[in-house]
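Asks:
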Amino acid sequence: MIFSLDVRRARKGDCLLLHFGTKQEPGLIMIDGGPRSVYAPHLKPRLMEIREARKIKKNDPLPIDVLMVSHVDDDHIQGILDFTREEIANVEAHKPRLLNVFSLWHNSFDDIIGGQPAELTAKVNATFKTEASTGAVELSDEKVESVEDIFIDQNPGGNDAADAEVVGSSLKVLASIAQGFRLRRDADRLGYGRNAEFGGKLIAAPQGKAPTRIANSLDVTVIGPMLEEIEALHKDHQKWLEDLKKQGKTPEEALAAYVDKSVPNLSSIVVLVEVDKRRMLLTGDARGDKILKGLQLAGKLDKDDGTKIEVDLLKVPHHGSSNNLDKDFFERIIAKHYVFSGDGEHGNPERESLEMLLKARKDGDYQIHLTYPLKEIDQLREEDWNKERNKQIARKKKSGKGTVREEWSAQDHGLLALFDANPQFKGKLRIVDKKKPHIIDLGDPLAASWPALAN
C-alpha cells in the first residue's frame, strides 16, 4: 500500500500532497496551497506531473479524494484560491478541468465562531486596506504594531515577543475571513461537496468519534479543533459583540480585545491519518498543548503526562514557531520524520523549536525535513529578528514599557550554527530541492508505481 507525503516548497506556508492506495486504485489528498506565488510555480506543475505519470487522458481531470484547507489564513488558503480561480475560468471557457475534487474539507470562520462575522470584518476593514478585486486584506506593519501596542498594554507582565506573535497570528486569521467566503463560493460554483464526510457541518473533534474512512483505504481521526473549545469561543464571540455595543472603542482597540490564542488554534484542522498501522499527524497551525489534548480526547494518548504516542510522520505545527510548542511536545509525540514548512519569514522555523527537538530526541532514529536551505531560512529569520527588535525599541522609547531582544547573532540565533554545532543532528537533515520531488515514503515507494514522480 502506498502511503507517501509529497512536500512542496510553499514560501512561508504549507503545501502538501498525500499519495495513498495502489497503482491500480491510487488516491490523492491535497493539503493547503501556500500563499501567493506557490500554486503556479510549485503546486500546479506537480499536479500535471502526477496526471502524466498516471497516464490520465488529455481532457480528463486528476481525481482528488480530499482537498483540505487546514487553516484559514493566507499562507494556507491563497494557493487554493489561485487554483479555484483558474478552474472556474476553465469551466466558463468550456475547457477541461485540471482536477476532479470529490470533497473539500474547510472550516470557514463563521462556522468556527457560530455566527456571521460582520462586526469583525467591519473592524478589520476599518483598520487595514483591502484589495478591491479580491477582497484580500493588507496587514500593514504600522497598523499591526498599533494593535500589538494596545494588546500588550492591556496584558501587562507578559512576554512581548510572544504577545506580538499572538496578535499577528490572530490578525492573519481575521484578515482571511473574506478569503474563506470566496473559497466557499468557488467550491459551490465548482460543485465540490464541503465537509461531506461530516454531514456538511464543521469539522471538529467530539469525544469518542470513530475515524472517517477515505476511499476504503485511509482512516482519518480528527484531533482538532475540539468541539468543547469551539463552543467556548462561541460564547467569547458573543461577549465581545455585547462589549462592543457598550464601549466606544476604536477599530484597533476592538481588534486587540478580540485577539486570543484560541483564535488561530481553533481555526486549524488537525488530523491523524492511518494506513496499515502507519501514521501521519498533520497539524496545521494548531498549538502543541491543544494537539496533545486532542490526542487524549481521541483515545490516542493517555492523560498521564508521561505517556507518549509514536507516529511515522509529524508535520510540525505553525511552521515550527516555538510559541506554539511546549517543551514536552516532542517528548510525547515521537516521530520518524519531522516536517518543518517555512522559509524564515516571521522567524519560522525557529531555532528554539529545533533545540526542543534535539533535546527530546537527541541521537534517536529520525529525519528532519526543511522546505528551504538553512542559509536562505536564516537570511529571512535575521530580517524578521531585526524588524521585531526595531519595533520593540520604538515601543520602549514611546512608552517606557516592554523588553528589547538582543541583537541578532548568527552563532546564537541561526539554524546553520545549531546544526554545525551538532553533527549527528545535522546528519538527520533533509532539504526540499526546488528542482526535484521530495517524497517521504511510509509504505510502498511511490517510485515503484510511477518512477517519474520521484525524479
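My numbering puts the first residue of the sequence shown at 856, with every later residue one more than the last. By construction, the Cβ of each residue, glycine as well, lies at the ideal position given by its N, Cα and C atoms. In this text, all values refer to a predicted model and were calculated from it rather than measured experimentally.
Which of the three DSSP states, helix, strand or coil, is assigned to Pro881?
Replies: Strand.
Asks: Could you give the C-beta distance for Phe964 and Val927, rounded to a whole number, given that I count them as a contact under 8 angstroms?
Replies: 6 angstroms
Asks: Where does the unbroken alpha helix (DSSP H) through Phe964 begin, and where does it stop?
Replies: Phe964 to Ile968
Asks: Following the continuous beta strand (DSSP E) through Lys1163, name the residue where it begins and the one where it ends.
Replies: Note, Lys1163: premise wrong, no beta strand (DSSP E); not H, not E.
Asks: Expressed to the nearest angstrom, what Euclidean distance is found between the alpha-carbon atoms of Lys1256 and Ser1001?
Replies: 15 angstroms
Asks: Quick one: what does DSSP say Lys984 is sitting in, helix, strand or coil?
Replies: strand
Asks: In this structure, how does DSSP classify Asp1140 when only helix, strand and coil are distinguished?
Replies: coil
Asks: How far does the beta strand (DSSP E) with Met1359 in it reach, from first residue to last?
Replies: Because the chain spans 856 through 1310 in this model, residue 1359 falls outside it and cannot be assessed.
Asks: Considering only their Cβ atoms, is the gap separating Tyr1221 from Ala1265 smaller than 9 angstroms?
Replies: no
Asks: Between the Cα of Ser1122 and the Cα atoms of Ala1030, Val893 and Ile1164, which residue gives the shortest distance?
Replies: The shortest CA-to-CA distance from Ser1122 to any of Ala1030, Val893 and Ile1164 is the one to Ala1030.
Asks: May I have the straight-line CA-CA distance separating Leu1209 from Lys1158, to the nearest angstrom?
Replies: 25 angstroms
Asks: Is DSSP giving Ala1065 helix, strand or coil here?
Replies: coil
Asks: Only counting runs of 3 or more residues, tell me where the beta strand (DSSP E) segments fall wholly within the segment 1027 to 1103, in order along the chain.
Replies: With a minimum length of 3 residues, the continuous beta strand (DSSP E) runs that stay inside the segment 1027 to 1103 are 1067 to 1069 and 1073 to 1079.
Asks: Taking the alpha-carbon positions, what's the Met1135 to Ala1249 distance?
Replies: Cα to Cα, Met1135 sits roughly 43 angstroms from Ala1249.
Asks: If you drop the 5 nearest sequence neighbours on each side, which residues of the same chain put their C-beta closer than 7 angstroms to that of Ile968?
Replies: Leu1088, His1089 and His1092
Asks: Trp1240 by DSSP, collapsed to three states: which one?
Replies: helix
Asks: Going by beta carbon distance, what residues of the same chain come within less than 8 angstroms of Thr1162, once the five residues before and after it are set aside?
Replies: Leu1156 and Arg1187
Asks: Could you pull out every residue in the same chain whose Cβ sits closer than 6 angstroms to the Cβ of Trp1305, ignoring the five residues on either side in sequence?
Replies: Hits under 6 angstroms: Ala908.
Asks: Identify which residue in Arg952, Leu1225 and Met903 has its Cα closest to the Cα of Val862.
Replies: Leu1225
Asks: Just to confirm before moving on: does the CB-CB distance between Leu917 and Arg906 stay below 9 angstroms?
Replies: yes
Asks: Which class does Asp1198 belong to by DSSP, given the choice of helix, strand or coil?
Replies: coil
Asks: Measure the CB-CB distance between Leu1150 and Leu1127 and report whether it falls below 9 angstroms.
Replies: yes
Asks: Please check the pair Leu1168 and Val1130, which I expect to be a contact at CB under 8 angstroms, by giving their CB distance rounded to whole angstroms.
Replies: Rounded, the Cβ-Cβ distance is 12 angstroms, inconsistent with contact.
Asks: Alpha carbon to alpha carbon, what distance is there between Asp1267 and Met856?
Replies: 44 angstroms
Asks: Just to check my reading of the structure: Gly889 and Ala865 have Cβ atoms closer than 8 angstroms, yes? What is that Cβ distance to the nearest angstrom?
Replies: 3 angstroms
Asks: Distance, Cα to Cα, Asn1277 vs Arg1216?
Replies: Cα to Cα, Asn1277 sits roughly 13 angstroms from Arg1216.
Asks: Roughly how many angstroms separate the alpha carbons of Thr985 and Asp1160, rounded to a whole number?
Replies: Rounded to whole angstroms, Thr985 to Asp1160 spans 45 angstroms at the Cα level.
Asks: On the DSSP letters alone, give me the boundaries of the alpha helix (DSSP H) that Glu904 sits inside.
Replies: Lys899 to Ala908
Asks: By a C-beta neighbour count over all protein chains shown, 10 Å radius and 16 as the cutoff for buried, is Pro1292 buried or exposed?
Replies: buried
Asks: Go through its chain and collect everything with a Cβ distance to Arg1039's Cβ below 6 angstroms, but skip five positions before and after it.
Replies: Ser963
Asks: Please report the straight-line C-alpha distance between Asp1296 and Leu1073, rounded to a whole angstrom.
Replies: Each residue's Cα considered, the two are about 15 angstroms apart.
Asks: Among all the DSSP beta bridges, which residues are the ones paired with Glu1129?
Replies: Residue pairing for Glu1129: DSSP places it in a beta bridge opposite Asp1074 and Arg1134.
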